[in-house]
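Asks: These protein sequences, in sequence, are chains P, U and V. Counting from 0, one number per residue, gives the positions in the first sequence under numbering that gives the first Met the number 0. Counting from 0, one number per residue, gives the positions in the second sequence under numbering that gives the first Met the number 0. Counting from 0, one number per residue, gives the positions in the third sequence under numbering that gives the first Met the number 0. Quick one: structure below, then a few questions.
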Amino acid sequence: MTALVIAEHNNQILNAATLNAAAAAARLSGGFDVLVAGHNCGAVATQAAAIAGVGKVLVADAAQYAHALAENLAPLVVSIAGGYSHLLTASTANGKNAMPRIAAMLDVAQLSDIIGVVSDDTFVRPIYAGNVLATVQSTDRIKAITVRTTGFDAIAATGGTGTIENIAVQADAGLSTFVSEELTKSSRPELAAADIIVSGGRGVGSAENFAIIEKLADLLGAAVGASRAAVDAGYVPNDYQVGQTGKCVAPTLYVAVGISGAIQHLAGMKDSKVIVAINKDEEAPIFQVADYGLVGDLFKEVPALCEALAK
Amino acid sequence: MKILVAVKRAIDYNVKARPKADGSGVELANVKMAMNPFDEIAVEEAIRLQEAGKAGEIVAVSIGPAASQETLRTAMAMGADRGVLVQTDDEVQPLAVAKLLKAIVEREQPGMVILGKQAIDDDSNQTGQMLAGLLGWAQGTFACNVAPEGDSLAVKREVDGGLQSIKLKMPAVVTADLRLNEPRYVKLPNIMKAKKKPLDTLTPAELGVDITPRLKLLKVAEPPARAGGVKVADVQELVAKLRNEAKVI
Amino acid sequence: MERESMEFDVVIVGGGPSGLACAIRLRQLAAERGQDLSVCLIEKGSEIGAHILSGAVMEPRALNELLPDWAALGAPLNTAVKDDRFMFLTESRAVRLPTPPQMENHGNYIVSLGNVCRWLGTQAEGLGVDIYPGFAAAEVLFNDDGSVKGVATGDMGRSKDGSEGPNFAPGMELHARQTIFAEGCRGSLTKQLFERYKLRDGVDPQVYGIGIKELWEVKPEHHHLGQVTHTIGWPMNTQTYGGSWEYHLEGNLVSIGFVVGLNYSNPWISPFEEMQRFKTHPAVRETFAGARRVSYGARAISAGGFQSIPKLSFPGGVLIGDTAGFLNLPKIKGSHTAMKSGMTAAEAVFELLAAGEIAGNEAVDYPHRLRNTWLWDELYRVRNIKPSFHWGLWPAVAYSAVDTYLFRGKAPWTFHHHPDHESLKPAAQCPRIEYPKPDGVLTFDRLSSVFLSNTNHEEDQPCHLTLRDASVPTRLNLPVYEGPEQRYCPAGVYEYVGEGAGRQLQINAQNCVHCKTCDIKDPSQNINWVTPEGGGGPNYPNM
């Protein structure tokens, strides 16, 4: 049977995370459809129809779907779920908010944050902050799944020939209303939710020198993090600390500057998709986990990197 | 308004979990357990609402083995008024937890349920949403600010790339995110007092809930060690790789 | 802010074997006599057992006396010692020696002392002891007459600079008719009591060792349940006191550890790296092929024995367990003596309190009672063995044989100890030691080891490793001793950072595993270990 991917979008643009969720759906045996629930979201439906391998694109266009509120999205999904073997969404804030509600209404379990598909009913997901990987089998008729985006390379956004189909909308549940959204555009994103993180370690040398880390972060639109050693040395406040006891992060890009790579730190960022390390010590353990390592003096390399990025 | 807070006994956040040698599960023998940190934030929020005169009785609920009593005592030492333990030694998955909590909600009739957004053991992030779905209530997940306003609830939520404000019809379910508050330290005399607060024990059967697991754990393993990549010669090569190969900037 | 206070009959500081045995004995006596006696035990670790680290082979003698039906009560003494081996190592060979009588372990058990304490904690709670883990006794309180009034727990929520943070909660005063200090080796409050009541006058200085332990899960084919091995020799030179243990306990676990006497003189010595190097010995490493290291930790032990036992009672309180120093070094066991001292103190304190108000309020009967127990005799007989190592390994082994077999421990003389912190020689006078690099499979660096101790301290709190004089590290320790704290600390707490004249001591307090070595070995006693926020420190599982 077919899987249904719930699209993540802002009514105009399909969020790229949907392509990661679709990639997981494509590993299943029955093909996949996409649900676009939104308001004036025709453009998103068109984009969804272009996803490589998509079957149908189901569109529910009504004001109550404008902000993906779970109280309205869930009954809609439940109304069409009977025809599907799997329901998938990316592990975004919206996906994590809605999918368990849907699963409960269908009386099925949910598999959260999967990073691997073993078979149609068996999946791999991280538990214990990523320190353990569990292989889990679902016995339910419908598998409700959220997909960790860094676990699956995005499926092609073009080349698909999905057929767009409008579906019946459900009345507003009247339980919740959207008030406002403040997206942090100018100021730096939160460490835990950032897509890119630039972290400084003991090698940065002082609180003042952290300005060069911040400059690089701002150029990349990144959050600023720090190693335990840098926090202990008093360069930055403790809420910057990346690591098991501080925060575990899993951004798309993690840039470690002047960080030797003590295990506490590695444990906190090893789930990042791409790791870059800049360190003058060629033997620093951070290079053992970095996808791209640059051996050099950070006070020379980081400004040069800023310059290259600004171009 | 009565508030129900759900608390889970989980591995202490300082302890590194490791799979058992045979891959059948995670080694938990003689490992330090504590209240799930997000649930601590949930308890703290309930107490702050009570202290602000916006909540009445606070009832803490836990589901698990007899040792979960300790977790309830901690919640009561923080300030919860009484505890309810749904005692079972069986595995209870989020859907079953939500069903048990629904049964407790039907008994207790709270105006709000607050839970941690996820437990740091199974990292499911499901129970609050499932409970709201089963009850047909509104849900304010990943909350960083909660403000009751008459018969509605204003919730500020941590969403990708920012904050979202929503208004919920009461009663509602709220799940606590890290920035909602910083839980207080438990004081010694309050631990003593908590020993005397009422604690009721129920069973899933008494609540008429089937807790049969729906998910089967086939195996656990340590994640594969990350392999090192390449060394780049200079900044230009790095930028080129990030743009064209990794496609992350 | 005013501190609140609570009143108890007895407050016990520390939830190790001695404190728990004492608490249990007190409540047993109260029950036997039909009296009520409130007993409160506080423990700085996040739970009972969290800070307990030991080999451990346990002699059940004290436990048999305290809780004779311990087996039925589910005590985790699961692995009886089957095989005792004593070896001398050279760099490439292992020579089996006859096992000295003190090291014979027939009837003993290989245990996790942490788990034994967890179990004792449950027994104590069952008997009505109020146990509060996560609360550190930070201060001794005194009555106007100079006697101990109790202790105060540490403040919680102070910021790094000492100011009160948003969640600040002041410590609590715990007042007691008798306060029992069971802090373990080198207790931070005991240190103050030594001075205040001159408890060490007329006795030898305490001397110490540092024990570093790893717990491994080994392949079943390398596991020999119940096997106990001790070694002396390599990698220690004959002038440095040290040796290893390797115990095979249930669950395919192997406890391996190394003890180095803290009276070593070469500041280049790194006990941590000696332990790592030790594991590479051909007779040792095969056990760990394909194995997984699951835990790591370190703790100082008191090694002075009989000559170093301080005065044990003072107005308002007593010292029990390793904070007083009852370890039997040749036996390398201290949990049975710790428990026995706690039980004996309990009896004396109970009688004192039962007698009502007594002038001085001092349990003077406790040391008297202790002298009539097996503990005293046991420690007396081995008193000359550790100090004989002052002559080097082989003369000491020869002397120990004579002392043990000929005099049966009753030689008509007693050797004396010298303080450990005075033994370091300037680095320039000592051969530099180059340790091999860790391979990440059998041998490791400090930080990946500390990671397995599950240690943590809330970052935003005053540093609990205090310096009496902040200039000493760069004025004395670095120029003369090449910063020995970088090497004797097994947790990577002390680091000299910067270059040339700008080198400074960086204290990574978060990493501390509460072993107390720095407080002992710092050459000018400039480092003062104080309790951090309660609940901080290691979270040892099964150690």
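Each residue gets a CB set at the ideal place from its N, CA and C atoms; glycine is no exception. Being a predicted model, the structure only gives us computed values, none of them experimental.
Mind checking if ALA297/V is an interface residue toward chain U, Cβ cutoff 9 Å exclusive?
Replies: Chain U, which has no Cβ nearer than 9 Å to the Cβ of ALA297/V, makes this no.
Asks: Three Cβ pairs or more, each shorter than 8 Å: is that satisfied between the region 246-254 of chain V and the region 96-112 of chain V?
Replies: Flag = yes, the region 246-254 of chain V and the region 96-112 of chain V touch.
Asks: Which same chain residues end up closer than 8 Å to LEU36/V when comparing Cβ atoms and leaving out the 5 residues on each side of it in sequence?
Replies: These residues qualify, in order along the chain: ASP8, VAL9, LEU25, ARG26, LEU28, ALA29, PHE349 and LEU352.
Asks: Taking the DSSP output, what are the residues bridged to GLY295/P?
Replies: Its beta-bridge partners do not exist; DSSP assigns none.
Asks: Roughly how far, in whole angstroms, is the beta-carbon of MET171/V from the beta-carbon of GLU3/V, given that I think they are within contact range, below 8 Å?
Replies: With 8 Å as the limit, MET171/V and GLU3/V qualify as a contact, their Cβ atoms being about 6 Å apart.
Asks: Return the chain-ordered list of same chain residues with a C-beta closer than 6 Å to the C-beta of ALA222/P, the five sequence neighbours on each side being excluded.
Replies: These residues qualify, in order along the chain: ARG187, PRO188, LEU190, ALA193 and ILE196.
Asks: Give the residues from the region 89-107 of chain U that approach chain P closer than 8 Å (Cβ to any Cβ), ordered along the chain.
Replies: Within the region 89-107 of chain U, the residues whose Cβ lies closer than 8 Å to some Cβ of chain P are GLN92, PRO93, LEU94 and ALA97, listed in chain order.
Asks: Can you grab the Cα-Cα spacing for the pair THR237/V / CYS429/V, in whole Å?
Replies: For THR237/V and CYS429/V, the distance between alpha carbons rounds to 15 Å.
Asks: Excluding sequence positions up to five away, which residues of its chain have a Cβ less than 6 Å from the Cβ of PHE286/P?
Replies: Closer than 6 Å at the Cβ level, and outside the excluded window around PHE286/P, lie ALA276 and GLY292.
Asks: Mind reading off the beta-carbon distance from VAL83/U to VAL60/U? Whole number of angstroms is fine, and I expect it under 8 Å.
Replies: The Cβ separation is near 5 Å, so the contact holds.
Asks: Less than 9 Å between the beta carbons of ALA118/U and ASP38/U, yes or no?
Replies: Result yes, Cβ atoms of ALA118/U and ASP38/U sit closer than 9 Å.
Asks: Using a Cβ-Cβ cut-off of 9 Å, state whether ALA232/P counts as contacting chain V.
Replies: Yes, ALA232/P lies at the interface with chain V (some Cβ there is under 9 Å from its Cβ).
Asks: With DSSP as the reference, label GLN92/U as helix, strand or coil.
Replies: GLN92/U falls in the coil class under three-state DSSP.
Asks: Whose Cβ in chain V lies nearer than 7 Å to the Cβ of ILE262/P?
Replies: Those within 7 Å of ILE262/P in chain V are LEU446, SER447 and PHE450.
Asks: Can you tell me which of the three DSSP states TYR246/V falls into?
Replies: Strand at TYR246/V.
Asks: Within 9 Å (strictly less), CB to CB, does ASN237/P reach chain V?
Replies: So yes, ASN237/P belongs to the interface.
Asks: Which value, in whole angstroms, describes the spacing of the CA atoms of LYS139/V and GLY13/V?
Replies: Checking the sequence shown, residue 139/V turns out to be Val, not Lys. Approximately 14 Å between the Cα atoms of the pair.
Asks: Considering LEU3/U, what are the terminal residues of the alpha helix (DSSP H) in which it resides?
Replies: First-last for LEU3/U: 2-6, but that is the beta strand (DSSP E), not the alpha helix (DSSP H).
Asks: For the region 499-513 of chain V against the region 429-441 of chain V, are there 3 or more C-beta pairs whose distance is under 8 Å?
Replies: Segments in contact, no.
Asks: Determine the chain V residues that contact ARG124/P at a beta-carbon separation under 7 Å, and present them in chain order.
Replies: Those within 7 Å of ARG124/P in chain V number zero; the least Cβ separation is about 23 Å.
Asks: Less than 9 Å between the C-beta atoms of ARG72/U and ALA193/U, yes or no?
Replies: Cβ distance < 9 Å, so ARG72/U and ALA193/U count as in contact.
Asks: Can you find a CB in chain V that lies within less than 9 Å of the CB of ARG227/P?
Replies: For ARG227/P, the answer is yes, since a Cβ of chain V falls inside 9 Å of its Cβ.
Asks: What are the boundary residues of the beta strand (DSSP E) that includes ASN278/P?
Replies: 273-278 is the extent of the beta strand (DSSP E) around ASN278/P.
Asks: Using DSSP with H/G/I as helix, E/B as strand and the rest coil, what is VAL143/U?
Replies: The sequence given here places Cys at residue 143/U; Val does not occur at that position. In the structure shown, CYS143/U sits in a strand (DSSP, three-state: E or B).
Asks: Please list, in chain order, the residues of the region 278-298 of chain V that have any C-beta partner in chain U closer than 8 Å.
Replies: Correct list: ARG291 and VAL293.
Asks: Using the three-state DSSP reduction, which class does ALA168/V fall into: helix, strand or coil?
Replies: Strand.
Asks: Counting only the same chain and skipping the five closest in sequence on each side, list residues whose C-beta sits under 7 Å from that of GLN68/U.
Replies: For GLN68/U, where only same-chain residues beyond five positions count, the Cβ hits under 7 Å are LEU84 and LEU198.
Asks: List the residues that DSSP assigns as beta-bridge partners of CYS39/V.
Replies: DSSP lists VAL10/V and ASP129/V as partners of CYS39/V.
Asks: Could you have a look at ILE319/V and say whether DSSP puts it in helix, strand or coil?
Replies: Residue state, collapsed to three classes: coil.
Asks: Of the choices LYS1/U, ALA171/U, VAL96/U and GLU221/U, whose alpha-carbon is the least far from that of GLY103/P?
Replies: Checking the sequence, you will find Ala at residue 103/P rather than Gly. It is VAL96/U.
Asks: Does any residue of chain P have a CB that is nearer than 9 Å to the CB of ASN476/V?
Replies: Chain P, which has no Cβ nearer than 9 Å to the Cβ of ASN476/V, makes this no.
Asks: Anyone know if the C-beta pair for TYR434/V and GLU272/V falls short of 9 Å?
Replies: Cβ distance < 9 Å, so TYR434/V and GLU272/V count as in contact.
Asks: Is the closest heavy atom of the ligand FMN to the C-beta of LEU441/V under 8 Å?
Replies: In the structure on display, the ligand FMN does not appear, and there are no ligands present to speak of.
Asks: Going by DSSP in three states, TRP393/V sits in which element: helix, strand or coil?
Replies: Correct three-state label for TRP393/V: helix.
Asks: What did DSSP end up calling LEU241/U once you bin it into helix, strand or coil?
Replies: Three-state result, LEU241/U: helix.
Asks: Compare the C-beta of ALA266/P against all C-beta atoms of chain V and say whether one is closer than 9 Å.
Replies: Taking Cβ atoms only, chain V reaches closer than 9 Å to ALA266/P, which makes this a yes.
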